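In what follows, a single structure is set out as structure tokens and then discussed.
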Amino acid sequence: NIGEVLGIFITSGLGMPSMFSPVQLLWVNLVTDGPPATALSFNPAEPGLMKLKPRRRSDSFVNKETLARYLTVGGYMGIACAFVFVGWYVWPDNPLFVSGLQHDGHDTVTFYEITNWAKCSSSISTDGRWADFAGGQYVDATGKLYDFTGSSACNYLEDGRAKASTLALSVLVCSELFNSFNALSERSSILSVKPWSNKWLLASVLGALGLHVSILYIPPLTRVFGTVPLSGHEWVTVLALSAPILLVEEAMKFIVRRKD
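Heads up, the sequence shown is in our numbering, so the first residue is -5 and it goes up one at a time.
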């Protein structure tokens, strides 16, 4: 949960709209986290386990190395979620998004506007920095138009965040699903512990991904969860930001093996 907390802390601390709604966080914790975590109990034995030195009775359950891994992996997730949330509004053609987020034709805003969104309605006629603010529009993967212009201009920074929130939520979910494969072994590389060695984990990851996709494309569920359908370009960006979690954990495992 470090990624969720850090992502919310970053956006809220900067004065941005809430990145996730309560129902979205509940969905992540109960549905997309639960099945993979349960499936990990069926992991095969750790390779080379009997060759490791016994733990001392005085050793803490979570040592410094383990805590550092939790903070590093969680930190990456939180930063990636906040990055795509802000990036959709401010810098959609950022090269780190690979396929780009500008294909929905949405209007960008300034960093000042997204971090001071709560002042929009009260400042739009009195503060010169809001003088030219006209809100924005975008279309989802089905071609549906979301219009937040005219009298609804300020809602572009609140209700209009559904696309940015969906991207951040998808990065969080996919990062956690990728990271579940890192948990196949505490020390060994994922290249030596095959992902299909735990069939229950593989099935639970596919199931959790299917459930996440359902809340993006089934109309009654999109209304409940405040999501919008993503296009192919946007899915490429989601995967490009979430897959590196495999490399982050691989680097941490390598450090642990070298230390031992």
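For every residue, glycine included, the Cβ atom is placed at its ideal position computed from N, Cα and C.
Bear in mind the structure is a predicted one, so any value in this text is a computation, not a measurement.
Going by the beta-carbon positions, is the gap between residue i and residue j smaller than 8 Å?
i      : j      : result
VAL165 : ALA31  : no
ALA76  : THR160 : no
LEU34  : LEU195 : yes
VAL232 : CYS168 : yes
PHE79  : MET13  : yes
PRO38  : ASN192 : yes
VAL218 : GLU59  : no
In angstroms with no decimal places, state the Cα-to-Cα distance between residue i and residue j.
i      : j      : result
ALA177 : GLY72  : 19 Å
ASP91  : ILE209 : The sequence given here has Phe at residue 91, not Asp. Each residue's Cα considered, the two are about 23 Å apart.
GLN131 : PHE36  : 47 Å
ARG63  : SER145 : 48 Å
CYS114 : ALA125 : 10 Å
TYR70  : MET10  : 19 Å
ARG252 : LEU185 : 17 Å
LEU61  : ASN149 : 40 Å
PRO275 : TRP229 : The first residue shown for the chain is -5 and the last is 254, placing residue 275 beyond what the model contains.
VAL187 : PHE142 : 49 Å
SER236 : ILE212 : 23 Å
The beta strand (DSSP E) spanning residue i covers which residue range?
i      : result
GLN131 : 130 to 133
PHE36  : No beta strand (DSSP E) holds PHE36; DSSP gives it neither H nor E.
Quick test of your reading: residue i and residue j, contact by CB under 8 Å. State the CB separation rounded to the nearest angstrom.
i      : j      : result
TYR140 : GLY154 : 7 Å
ALA147 : PHE127 : 6 Å
LEU151 : GLU180 : Rounded, the Cβ-Cβ distance is 43 Å, inconsistent with contact.
GLY81  : VAL133 : That belief does not hold up - the Cβ atoms of GLY81 and VAL133 are roughly 18 Å apart, past 8 Å.
VAL84  : THR102 : 6 Å
ALA156 : GLY220 : 6 Å
THR109 : LEU8   : 5 Å
Which residues bound the alpha helix (DSSP H) around residue i?
i      : result
LEU200 : 193 to 211
SER70  : One point to set straight first is that residue 70 is Tyr, not Ser, in the sequence displayed. 58 to 84 is the span of the alpha helix (DSSP H), which, as asked, contains TYR70.
PHE248 : 239 to 253
TYR140 : Premise fails: TYR140 lies in the beta strand (DSSP E), 139 to 142, not in any alpha helix (DSSP H).
PRO16  : 16 to 21
LEU163 : 156 to 176
THR231 : 226 to 236
Do three or more CB pairs link the segment 20 to 36 to the segment 92 to 104 at distances below 8 Å?
Verdict: no, contact absent.
**Study point:** Any 3 or more C-beta pairs closer than 8 Å across the segment 169 to 176 and the segment 218 to 228
**Key:** Flag = no, the segment 169 to 176 and the segment 218 to 228 do not touch.
Problem set entry | Cβ contact (3+ pairs, closer than 8 Å) linking the segment -3 to 8 and the segment 196 to 205 | Flag = no, the segment -3 to 8 and the segment 196 to 205 do not touch.
Okay, do the segment 102 to 118 and the segment 237 to 248 touch, 3+ Cβ pairs below 8 Å being the bar? With a cut-off of 8 Å on Cβ pairs, the segment 102 to 118 is not in contact with the segment 237 to 248, counting fewer than three such pairs.
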